[in-house]
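Residue numbering for the sequence shown is 6 to 345, as defined by this note's numbering. All C-beta atoms, glycine included, are put in the ideal place defined by N, C-alpha and C.
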Amino acid sequence: MKLLSTASSALYYAFIAALIASVSVYAWQNAAEVLPSLAQRTAAALPATATIGAGVGSLALIVLLEALYPLRSLSLSRWVYVDRPRGRMRGVDKLSIAQLAGVSLLGLALCASLRLPLYAAMTLPLLRIALGWRSFDLASLLRAGRTRAVGSSSFGLLDSEVSADAIASQSARLRPSSRATTSPSYLFIRRLYRRWYIPLGAVAVIGLTLGLVPQLGSLALIGFAAAWTIVGAATGRAASFGRIIDGTWPDWGFPLTATAGAAVLGTAFIAAVWKLPVLVLAACCLGLTYASFKRSRPARVATMNIIDTGGFGASFSPEVFGYFLRGGYGIAAVAVVLFF
6 MKLLSTASSA
16 LYYAFIAALI
26 ASVSVYAWQN
36 AAEVLPSLAQ
46 RTAAALPATA
56 TIGAGVGSLA
66 LIVLLEALYP
76 LRSLSLSRWV
86 YVDRPRGRMR
96 GVDKLSIAQL
106 AGVSLLGLAL
116 CASLRLPLYA
126 AMTLPLLRIA
136 LGWRSFDLAS
146 LLRAGRTRAV
156 GSSSFGLLDS
166 EVSADAIASQ
176 SARLRPSSRA
186 TTSPSYLFIR
196 RLYRRWYIPL
206 GAVAVIGLTL
216 GLVPQLGSLA
226 LIGFAAAWTI
236 VGAATGRAAS
246 FGRIIDGTWP
256 DWGFPLTATA
266 GAAVLGTAFI
276 AAVWKLPVLV
286 LAACCLGLTY
296 ASFKRSRPAR
306 VATMNIIDTG
316 GFGASFSPEV
326 FGYFLRGGYG
336 IAAVAVVLFF
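Okay, structure coming up:
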């Protein structure tokens with residue numbers, strides 16, 4: 006009976022994986038046909054340096070992954086209760102394998118999009134291994150485990166402010182400065198410098214979009230908009246001073262201005278690559294601003310209700326679903342306006 010239950014579970018997961026893979030392959034092969042006219046404008050406007058952009062974006066992504074989710078790590082609980090009693094010290098787990106698999110798939114996608122030889126796809130996993138597969142002692146592995154736990158807090162704590170503050174505190178570049186200032190603009194620049202992962206993430210988003218545009222066409226624009234709202238939201242949080250300065254402007258005005266500035270930069274990239282009409286670009290800018298500002302505001306899941314799908318073997322929480330998809334109306338507006 007136990008064997009039959011295990012076999013049925015394996016078949017179920019294999020069926021779900023095959024279904025997801027087939028839908029993904031179909032979408033990959035037919036993505037450029039969603040908006041043929043947009044794909045033609047993209048092909049005509051795409052710069053010849055798309056391969057260089059994809060390489061720079063991939064490198065930025067790998068550096069960002071190592072900074073937030075180290076490839077080799079060891080949590081304190083696993084060391085105390087699992088590895089130490091067995092007399093071993095492992096630094097590889099499921100997340101390490103998932104990272105290598107993810108960058109390998111990304112390398113294959115970039116090679117297929119840019120018409121590069123498939124063996125070039127091995128560059129990304131090899132680079133990920135070279136950057137993360139170092140000789141760690143116990144202290145370094147435990148420190149990497151703490152770094153990974155903080156980086157993963159966005160998915161576990163479900164509190165945007167706590168997660169953002171934890172990541173900023175851990176990754177900040179702190180330099181003693183004798184120049185004290187109360188200027189919000191100068192403080193915003195300092196925060197951006199300390200939160201170096203924000204501009205690095207922007208480079209990764211732009212570079213990878215350039216690499217995937219030839220294959221994905223209009224879907225690459227929607228994917229860029231969704232990823233860029235994360236960059237814009239982080240920029241808005243860096244400009245938020247509501248907790249240290251009283252007033253509406255420090256709490257709302259500065260973050261809105263920062264997210265609007267990030268949206269303008271994203272719209273400029275869209276205009277350079279896709280050559281869209283002015284009204285469509287204005288709608289994209291408004292959608293990016295709304296989505297980024299919405300995501301930059303404090304949000305947390307206080308209550309959680311579980312809804313069963315009934316017969317599909319899955320359940321979800323509407324509160325968690327809404328937490329991760331906040332600002333989605335802005336992305337939906339960008340997707341809809343492309344058809345006009």
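Measure the Cβ-Cβ separation of residue i and residue j and say whether it is below 8 Å.
i: Pro2; j: Leu113; result: The requested residue 2 is not part of the displayed model; the chain covers only 6 to 345.
i: Leu197; j: Pro204; result: yes
i: Gly333; j: Phe298; result: no
i: Pro189; j: Phe259; result: yes
i: Ser320; j: Met309; result: no
i: Ala225; j: Leu293; result: no
i: Asp164; j: Arg305; result: yes
i: Ala296; j: Ile249; result: no
i: Ala177; j: Pro75; result: no
i: Leu123; j: Cys116; result: yes
i: Val208; j: Ala65; result: yes
i: Ile67; j: Val108; result: yes
i: Leu119; j: Pro219; result: yes
i: Met94; j: Leu146; result: yes
i: Ala171; j: Arg200; result: no
Could you name the residues that DSSP lists as bridge partners for residue i?
i: Asp313; result: Ser320
i: Arg95; result: DSSP output for Arg95 lists no bridge partner at all.
i: Arg305; result: Asp164
For a test of the three-state rule: what should DSSP assign to residue i, helix, strand or coil?
i: Arg242; result: helix
i: Arg331; result: coil
i: Ile250; result: coil
i: Pro90; result: helix
i: Pro219; result: helix
i: Leu100; result: helix
i: Tyr191; result: helix
i: Ala177; result: coil
i: Arg300; result: helix
i: Thr234; result: helix
Kindly give me the distance between the Cβ atoms of residue i and residue j, rounded to whole angstroms, as I take these residues to be in contact under 8 Å.
i: Ala288; j: Val342; result: 4 Å
i: Gly237; j: Ala268; result: 6 Å
i: Gly58; j: Gly216; result: 6 Å
i: Ser78; j: Arg139; result: The Cβ separation is near 12 Å, so there is no contact.
i: Val210; j: Ala232; result: 5 Å
i: Glu71; j: Leu136; result: 5 Å
i: Ala125; j: Phe193; result: Rounded, the Cβ-Cβ distance is 40 Å, inconsistent with contact.
i: Ala276; j: Leu286; result: 5 Å
Return no unless some Cβ of chain B is closer than 8 Å to the Cβ of residue i.
i: Ala177; result: Among the chains of the structure shown, chain B does not appear; only one protein chain is present.
- Mind pulling the alpha helix (DSSP H) runs of 4 or more residues that sit fully within the segment 110-164? Fully enclosed alpha helix (DSSP H) runs of 4 or longer: 128-137, 143-156, 158-161.
- beta strand (DSSP E) runs contained entirely in the segment 263-295, provided each spans 3 or more residues: Fully enclosed beta strand (DSSP E) runs of 3 or longer: not present.
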